[in-house]
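A quick write-up on the structure given underneath.
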Amino acid sequence: TEKIIRSIIARFATSQSRDLEGRRVLVTAGPTIEHIDPVRVVTNRSSGKMGVALAEEVASRGADTTLILGPGTVNPPSSVKTIRVESTSELLEAVLGELKQTTPDLVFAAGAPTDYRPVTVAPKKIKTREKPQINLELRATPKILEEIRRASPKTFLVAFKTEHKVSNEELIDEAFKIIHEKNADLVAANDVGLEGVGFQADTNELYVVDGRKKVVHIPLAEKREVARQLVDLAVKRMRD
Numbered sequence: 045t046e047k048i049i050r051s052i053i054a055r056f057a058t059s060q061s062r063d064l065e066g067r068r069v070l071v072t073a074g075p076t077i078e079h080i081d082p083v084r085v086v087t088n089r090s091s092g093k094m095g096v097a098l099a100e101e102v103a104s105r106g107a108d109t110t111l112i113l114g115p116g117t118v119n120p121p122s123s124v125k126t127i128r129v130e131s132t133s134e135l136l137e138a139v140l141g142e143l144k145q146t147t148p149d150l151v152f153a154a155g156a157p158t159d160y161r162p163v164t165v166a167p168k169k170i171k172t173r174e175k176p177q178i179n180l181e182l183r184a185t186p187k188i189l190e191e192i193r194r195a196s197p198k199t200f201l202v203a204f205k206t207e208h209k210v211s212n213e214e215l216i217d218e219a220f221k222i223i224h225e226k227n228a229d230l231v232a233a234n235d236v237g238l239e240g241v242g243f244q245a246d247t248n249e250l251y252v253v254d255g256r257k258k259v260v261h262i263p264l265a266e267k268r269e270v271a272r273q274l275v276d277l278a279v280k281r282m283r284d
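Take the sequence shown: its letter number 68 is residue 112 in our numbering, and every next letter is one higher.
Written out as structure tokens, the structure reads:
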């Protein structure tokens, strides 16, 4: 059913704008996982749906598209080159490899890398009957956005910021910080504490912020429609 729906969308999209013809676009999507032991992991609830929707959208508009996908709950489109990753270090390696090889015109950093990883990984499954309590020491994982900008300073970078149950003003402020801290061109922010927004959901709502703190609100809609509007914004800004 999912493949049928995607094929219908793809056929419809071919009659739409081809404004990314000849452009190279890189999209990251989904979570990363960091092992505690061979069985247990540290991760987050990202499904990868938003990033996959973006990859489908830019591909339908003529872009030479690469999707770097973590272990989420959604399958990648068969028509898009996809690189599978698991850990944050694998994500970083794949991203830097693509930046070096192709120098994309546009990057949507929609992936949700795990922020921390265990300092020590147990070589065997930890048995709860032997260790009913364990203490995990965690270390921050590499910052993907910083590495993207360092490796490809001229690429148009759309970053993502997720918050949980904050005011719209706080959400926009946090997105604006990413503009300056990571030197992103646009930041798409959402509040996953709201019903139907973000992780696991088929819908999303975004506040897109630029370097002048101008905000464009993309109302709650199916993720493919949200992707269409976000790509419209990015294409317009790239032309400005």
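The beta carbon of each residue, even a glycine, is placed where N, CA and C say it ideally should be.
Assignment of beta-bridge partners to H261 by DSSP yields Y251. Here the alpha carbons of K198 and L140 stand approximately 14 Å from one another. In terms of CA proximity to A97, L274 leads the group L201, E191, L274 and K280.
For E207, the enclosing beta strand (DSSP E) has its first and last residue at F200 to E207.
Nearest neighbour of N234 by Cα position, chosen from I223, N227 and F204, turns out to be F204. In terms of CA proximity to L277, Y251 leads the group E266, Y251 and L182. For V83, the CB contacts under 6 Å within the same chain, skipping 5 residues up- and downstream, are K169 in chain order. The beta carbons of G114 and P75 sit closer together than 8 Å. The beta carbon of S131 sits closer than 7 Å to the beta carbons of T76, I77 and E78 from its chain, once the five residues preceding and following it are set aside; these are given in chain order.
Here E142 is buried, its C-beta having at least 16 other C-beta atoms within 10 Å. At a cut-off of 3 residues, the continuous stretches assigned as beta strand (DSSP E) that sit fully inside the stretch 108 to 144 are 108 to 113 and 125 to 128. When DSSP states are grouped into helix, strand and coil, D217 belongs to the helix group. Relative to the Cα of F243, the nearest Cα in the group T117, E181 and G255 belongs to T117.
Residue nearest to A271 within the set I112, R194, A99 and A228 is A99 (criterion: CA-CA distance). Buried is the label assigned to A219, since at least 16 other Cβ atoms lie within 10 Å of its Cβ.
Boundaries of the beta strand (DSSP E) around V69: R68 to A73.
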